[in-house]
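*Asks:* Residues 1018 to 1267 (our numbering) make up the sequence shown, in order.
Mind looking over this structure? Questions follow.
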Amino acid sequence: MRQTIAGVPIDALTFQEAAARALELLSDDRQHMIVTPNPEMAVLAARDPQFKKILFTSSLALADGFGLRLAAWWEGKQIPETITGVDFGLALAQIAEQKKCSVYFLGAGEGTAEKAAQNIQRVYRKLRFAGASAERIRWINGKWEEEADLIDRIAATEPDILFVALGHGKQERWIKDHLSRLPTVRLAIGVGGALDYYSGKKKRAPGFLRALHLEWLWRLGVEPWRAWRIFEATFVFLGLVLKNPRKKVQ
Ligand code: UDP
């Protein structure tokens, strides 16, 4: 069931249910976007109504981050579990392998998408990659600046599933603006930093920190320049949630 939590859409599903839903979406004849709202995205959505609207056009919205669960509790709602984009991307790779669907990795830094694809291929050996490329994609003054043939190049590889790693906000907007011109794509997902992790460029927080919901602390340690973003994802987000009174479970 879709809920609005901290102002963003969240489908309250377990990981297994979400994977089953992705499989259903892949099998129908429409195009779908998957988003993984996290606290930082909720903060952006509160400031940018257009971004918020785009999130609500998604077919599947997964709560990426413990903050969303806390917000759900505050709002008297429930999310069975949090589902990170990094983990769900792997589930999609597995589904793609089983269903013989091809995958395209778009975005991330130079060489990262390619390396990520190689590493994923080692795990899901029969998975077919349509392509992987970094590309120079910019959103300037309300317009996309990108290679004129970018869409044709991706379309020519006929991917079924598209992973877009352009950072939150930008990647969801890019999907919304380009998906209809990529007719073979059934599922497009904004994966944020997932390709950085698949490629080995970045390391995830150790399991015990993740279990304690302290991944943000790890990120602060390894990427101190992200301090402002981490501040937004924690304290600004909390402010956003706490400005409404607490509600009891509905
Ligand atoms: N990225 C990109 N182009 C951009 C902005 C970001 O390719 O204009 C890539 C970046 O290199 C990284 C990924 O998008 O691999 C996710 O960036 P970030 O970690 O900032 O994502 P977020 O956590 O904000 O979703």
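Even for Gly, the Cβ is constructed at its ideal location relative to N, Cα and C.
1) Is any heavy atom of the ligand UDP found at a distance shorter than 8 angstroms from the C-beta of residue 1038?
2) Between the C-alpha atoms of residue 1009 and residue 1228, what's the straight-line distance to the nearest angstrom?
3) Just to confirm the assignment: which complete alpha helix (DSSP H) runs, minimum length 4, are found wholly within the region 1045-1088?
4) Near residue 1246, which residues of its chain fall below 7 angstroms by C-beta distance, leaving aside the five closest residues on each side in sequence?
5) Please confirm whether any heavy atom of the ligand UDP lies closer than 8 angstroms to the CB of residue 1273.
6) Identify, in the order they occur along the chain, each residue of the same chain with its Cβ nearer than 8 angstroms to the Cβ of residue 1265, setting aside the five sequence neighbours on each side.
7) Please find out if some non-hydrogen atom of the ligand UDP comes closer than 8 angstroms to the beta-carbon of residue 1209.
8) Name the residue from 1144, 1198, 1140 and 1148 whose alpha carbon lies nearest to the alpha carbon of residue 1131.
9) With a 10 Å radius around its C-beta and 16 neighbouring C-beta atoms as the bar for buried, classify residue 1045 as buried or exposed.
10) Can you check DSSP and say which residues form a bridge with residue 1207?
11) Looking only at C-alpha atoms, which of 1064, 1213 and 1126 sits nearest to residue 1025?
12) Would you kindly work out how many angstroms separate the C-alpha atoms of residue 1191 and residue 1125, rounded to a whole number?
13) Between the Cα of residue 1180 and those of 1105, 1029, 1040 and 1097, spot the shortest distance and give me the residue it belongs to.
14) Cβ of residue 1212 versus every heavy atom of the ligand UDP: is any distance shorter than 8 angstroms?
15) Please confirm whether any heavy atom of the ligand UDP lies closer than 8 angstroms to the CB of residue 1183.
*Replies:* From the atom records:
1) It does not: the Cβ of residue 1038 is nowhere closer than 8 angstroms to a heavy atom of the ligand UDP.
2) Outside the displayed span of the chain (1018 to 1267) sits residue 1009, for which this structure offers no information.
3) List check, alpha helix (DSSP H) in window: 1056-1064 and 1066-1073.
4) Counting only Cβ-Cβ distances below 7 angstroms, and skipping sequence neighbours, we find 1057.
5) Residue 1273 lies beyond the stretch modelled for the chain, which goes from 1018 to 1267, so this question has no answer here.
6) When the five nearest sequence neighbours on each side are left out, the beta carbons in the same chain lying within less than 8 angstroms of the beta carbon of residue 1265 are those of 1093, in order along the chain.
7) Relative to the non-hydrogen atoms of the ligand UDP, the Cβ of residue 1209 comes within a distance shorter than 8 angstroms of at least one.
8) Residue 1148 holds the alpha-carbon nearest to the alpha-carbon of residue 1131 among 1144, 1198, 1140 and 1148.
9) With fewer than 16 other Cβ atoms within 10 Å, it is exposed.
10) For residue 1207, which the question treats as bridged, DSSP gives the partners 1181.
11) Taking each of 1064, 1213 and 1126 in turn and checking the Cα distance to residue 1025, the smallest one comes out for 1064.
12) A straight line joining the alpha-carbon of residue 1191 with that of residue 1125 spans about 14 angstroms.
13) When only C-alpha atoms are compared, the closest one is 1105.
14) Answer for residue 1212: yes, Cβ within range of the ligand UDP.
15) It does: the Cβ of residue 1183 is within 8 angstroms (strictly closer) of some heavy atom of the ligand UDP.
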